[in-house]
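Undergrad: Dumping the structure here so I can ask a few things about it.
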Amino acid sequence: MTYKEALTLAMTMLAEDPRTLFVGQTVVYGGQTMFPTLRGVPMEKRIEMPVAEDFQMGFCTGLALKGFIPVSIYPRWDFLILAANQLVNHLDKLPLMGDFRPRVIIRTGVGPRHPLDAGPQHTQDHTAAFRRMLHTVEVLELRSADEVLPSYALALACPRSVLVVEHLELYR
Amino acid sequence: MTAEELRAFERDIAADFEAKKIHAPVHLSGGNEDQLIELFKEVAPEDWVFATYRNHYHALLRGIPAETVKAEILAGKSMFWSSPTHRFVTSAIVGGILPIAAGVAAGIKRRGEPGQVWVFLGDMAATTGIFHEAVHYADGHDLPMRFIVEDNGLSTDSPTRACWGKDILVPSPRVWRYTYKRVWPHVNSGVWVNF
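As they're listed, the protein sequences go chains A and B. Residue 1 is where the first sequence starts when you use this note's numbering, and the numbers rise one by one after that. Residue 1001 is where the second sequence starts when you use this note's numbering, and the numbers rise one by one after that.
See below:
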């Protein structure tokens, strides 16, 4: 099974849980690398977002306060850092400030450098930095196809929010 | 609670702070008792309330027992405490509650549940990009939520309109604004306490 096939299966598995919703830009209309992996996700479970990364993260936190498990999709790390306020200051800190335990699965990717190099604003990997910044959000990194399904199953079962980092170079 | 009971609660908190019983910043409310008492008459038990770091009055008017609110403040959580039981959420980051509130409102609508979301924010927060995004999204998707701008003209101690050079308020039927004059300093009671 390829990395991309495993991701497609993982998203289909997540979609089978009635609590999940898939939230992000180009989750309904396509146009980014992760879109084909949502093939098994029913359209009624997808929420297309405007380009408003921090708003999207907070919006997903709010959905989580209502009992949903949003899968919040940011196709590249370079875009996810625009949501750092809501991720680091809010989703990560709410469990430290009271009794809310929001569960969001954040899906992002490290952009490829081969065969096309997307340059310094589309290929950054901030995984190590965010591991240091996040105190309650788990961080998982998918380095092979074998890790994909078990990691997303773990993310769905985890009592905390989980940030899952994919490597887009492995999509080929 | 009456206006005088609200004012008395904050005087009590100020005294506790000055007595070194609170080892954290406190943000005291004052000057907006009448406006909030009137607004909270419309807040239903099934509604959610989101407030800023200055949230003591909102918690009390939400119906959270005064002893519970005081316990959280004494525990150092004046500016960031929350309560799932009372559907009450705050943040110490300006504008931080806005998209979270929109998500809760979207969840209410998606499930077809009763209730709405009340979001209280300051006048500087109402000029931020995240506020514009939240209001546009709420309007565009007809989310059950209202934004109440609590306009004392100040962000910490900076005059909001002077900073921007103009008055800014995104027009929306969901956005209400009231004005008031701040009674207490931005933070703490105005008395230097040497911890």
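Virtual Cβ for every residue (Gly too), placed ideally from N, Cα, C. The structure displayed is predicted, hence computed values, not measured ones.
Got a sec: is the Cβ-Cβ distance from A/Ala-84 to anything in chain B below 8 Å?
TA: Closer than 8 Å: no.
Undergrad: How should A/Gly-24 be labelled, buried or exposed, when 16 other C-beta atoms within 10 angstroms of its C-beta is the threshold for buried?
TA: It is buried - the Cβ of A/Gly-24 has at least 16 other Cβ atoms within 10 Å.
Undergrad: What do you get for B/Trp-1048, buried or exposed, if any count of 16 or more other CB atoms within 10 angstroms of its CB means buried?
TA: B/Trp-1048 comes out buried.
Undergrad: Enumerate in chain order the residues of its own chain whose CB-to-CB distance from B/Lys-1021 is below 8 Å, with the five nearest sequence positions on each side excluded.
TA: Same-chain partners within the cutoff: Leu-1074.
Undergrad: What is the DSSP secondary structure of B/Leu-1028, counted as helix, strand or coil?
TA: It is coil, neither helix nor strand.
Undergrad: Spell out the partners DSSP gives A/His-167 in its beta bridges.
TA: A/Val-110, per the DSSP bridge assignment.
Undergrad: Once DSSP output is grouped into helix, strand and coil, what is the label at B/Ser-1083?
TA: Correct three-state label for B/Ser-1083: strand.
Undergrad: Since A/Met-97 meets chain B, which of its residues come closer than 8 Å, beta carbon to beta carbon?
TA: Ordered by position in chain B, the residues that pass the 8 Å Cβ test against A/Met-97 are Lys-1077, Phe-1080, Trp-1081 and Ser-1082.
Undergrad: Step through the CB atoms of chain A and report whether any lies within less than 8 Å of the CB of B/Ser-1155.
TA: For B/Ser-1155, the answer is no, since every Cβ of chain A falls outside 8 Å of its Cβ.
Undergrad: Quick one: grab the DSSP three-state call for B/Asp-1151.
TA: Here B/Asp-1151 sits in strand by DSSP.
Undergrad: Check whether the stretch 96-109 of chain A and the stretch 61-69 of chain A touch, using three or more Cβ-Cβ pairs below 8 Å as the test.
TA: Yes, they touch.
Undergrad: Return yes when the Cβ of B/Gln-1116 is within less than 8 Å of the Cβ of B/Met-1145, no when it is not.
TA: It is a contact, given that the beta carbons lie within the stated cut-off.
Undergrad: Have a look at the DSSP bridge pairing and note the partners of B/Trp-1048.
TA: B/Val-1117, per the DSSP bridge assignment.
Undergrad: Entirely within the stretch 1131-1194 of chain B and at least 4 residues each: give me those alpha helix (DSSP H) ranges in chain order.
TA: Listed in chain order, they are 1160-1164.
Undergrad: On the CB-based measure, 16 or more other CB atoms within 10 Å of its CB, does A/Ser-151 come out buried or exposed?
TA: Label assigned to A/Ser-151: buried.
Undergrad: Based on the DSSP output, what are the partners of A/Leu-21 in its beta bridges?
TA: Paired residue(s): A/Pro-70.
Undergrad: Which two residues bound the contiguous beta strand (DSSP E) that contains A/Leu-140?
TA: Its beta strand (DSSP E) spans residues 138-141.
Undergrad: Kindly indicate which three-state DSSP category A/Phe-100 falls into: helix, strand or coil?
TA: Coil, per DSSP.
Undergrad: Given a cut-off of 8 Å on the beta-carbon distance, is the pair B/Val-1094 and B/His-1132 in contact?
TA: Result no, Cβ atoms of B/Val-1094 and B/His-1132 do not sit closer than 8 Å.
Undergrad: State the DSSP-derived secondary structure class of B/Arg-1007, mapped to helix, strand or coil.
TA: Reduced to three states, the DSSP call for B/Arg-1007 is helix.
Undergrad: CB B/Gly-1030 to CB B/Arg-1062, shorter than 8 Å?
TA: No, the Cβ-Cβ distance between B/Gly-1030 and B/Arg-1062 is not below 8 Å.
Undergrad: Counting contacts by CB-CB distance shorter than 8 Å, is B/Leu-1098 in contact with chain A?
TA: So, interface residue.
Undergrad: Using CA coordinates, which residue listed in A/Ile-73, A/Thr-26, A/Glu-166 and A/Val-27 is at the minimum distance from A/Pro-123?
TA: The sequence given here has Thr at residue 123 of chain A, not Pro. Of the candidates A/Ile-73, A/Thr-26, A/Glu-166 and A/Val-27, the one whose C-alpha sits nearest the C-alpha of A/Thr-123 is A/Glu-166.
Undergrad: Do you know offhand how far A/Ala-52's Cα is from A/Lys-93's?
TA: Taking the straight line joining both Cα atoms gives about 21 Å.
Undergrad: Quick one: give me the first and last residue of the beta strand (DSSP E) that A/Glu-48 is part of.
TA: It spans 46-48 - the beta strand (DSSP E) in which A/Glu-48 sits, taken as one unbroken run.
Undergrad: Closer than 8 Å, CB to CB, is A/Gly-40 near chain B or not?
TA: No, because no Cβ of chain B sits closer than 8 Å to the Cβ of A/Gly-40.
Undergrad: Enumerate in chain order the residues of its own chain whose CB-to-CB distance from B/Glu-1033 is below 6 Å, with the five nearest sequence positions on each side excluded.
TA: The residues are Ala-1003 and Leu-1006.
Undergrad: Relative to the C-alpha of B/Val-980, which candidate in B/Ala-1024, B/Tyr-1137, B/Phe-1009 and B/Asp-1012 has its C-alpha closest?
TA: There is simply no residue 980 of chain B to check, as chain B begins at 1001 and stops at 1195 in what is shown.
Undergrad: Between B/Asp-1157, B/Val-1119 and B/Pro-1159, which has its C-alpha nearest B/Leu-1143's C-alpha?
TA: Ranking the options by Cα distance to B/Leu-1143, first place goes to B/Val-1119.
Undergrad: Below 8 Å on C-beta distance, what does A/Thr-8 contact in chain B?
TA: Neighbours of A/Thr-8 on chain B: none; closest Cβ ~25 Å, over 8 Å.
Undergrad: Using a 10 Å radius around the Cβ and a threshold of 16 neighbouring Cβ atoms, would you call A/Gly-109 buried or exposed?
TA: Buried, because 16 or more other Cβ atoms sit within 10 Å of the Cβ of A/Gly-109.
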